[in-house]
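Worksheet for the structure shown next.
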Amino acid sequence: MSDETRDAKARLIELEIQIAHVQRLYEQLNEVVTEEALRADRIQHKLDTLTNQVRDLKNKSPESAGDPLDEKPPHY
Numbered sequence: 001m002s003d004e005t006r007d008a009k010a011r012l013i014e015l016e017i018q019i020a021h022v023q024r025l026y027e028q029l030n031e032v033v034t035e036e037a038l039r040a041d042r043i044q045h046k047l048d049t050l051t052n053q054v055r056d057l058k059n060k061s062p063e064s065a066g067d068p069l070d071e072k073p074p075h076y
């Protein structure tokens with residue numbers, strides 16, 4: 001086997017090792033992205049639910065349509 005063939009074979013092996021590392025990193029990153037997308041969906045669902053609850057509360061008592069932070073607590 002010539003030196004060129006040995007060098008080419010060594011380079012090929014090194015490239016295969018690097019590709020394996022990149023594939024593993026890609027899979028790990030894909031898992032993280034998938035988990036974060038699911039987390040974002042859950043947060044969006046909770047936000048939608050809370051928004052609807054606030055809207056329902058405002059609609060039930062139109063006389064207190066002001067900002068709840070401006071209202072005095074009931075014990076005043």
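For the sequence shown, counting from 1, position 6 maps to 6 in full-length UniProt numbering; every step adds exactly one. Where a beta carbon is used, it is the ideal one built from N, C-alpha and C, also for glycine.
Backbone secondary structure at residue i - three-state DSSP
i	result
Asp-70	helix
Interface flag, residue i vs chain D, CB-CB below 8 Å
i	result
Pro-73	Absence of chain D from the displayed structure is noted, only one protein chain being present.
Other residues of its chain near residue i: CB distance less than 6 Å, five sequence neighbours each side excluded
i	result
Arg-11	none
Glu-27	none
Quiz prompt | Completely contained beta strand (DSSP E) runs for the stretch 4 to 59, where each covers 3 or more residues | solution = none
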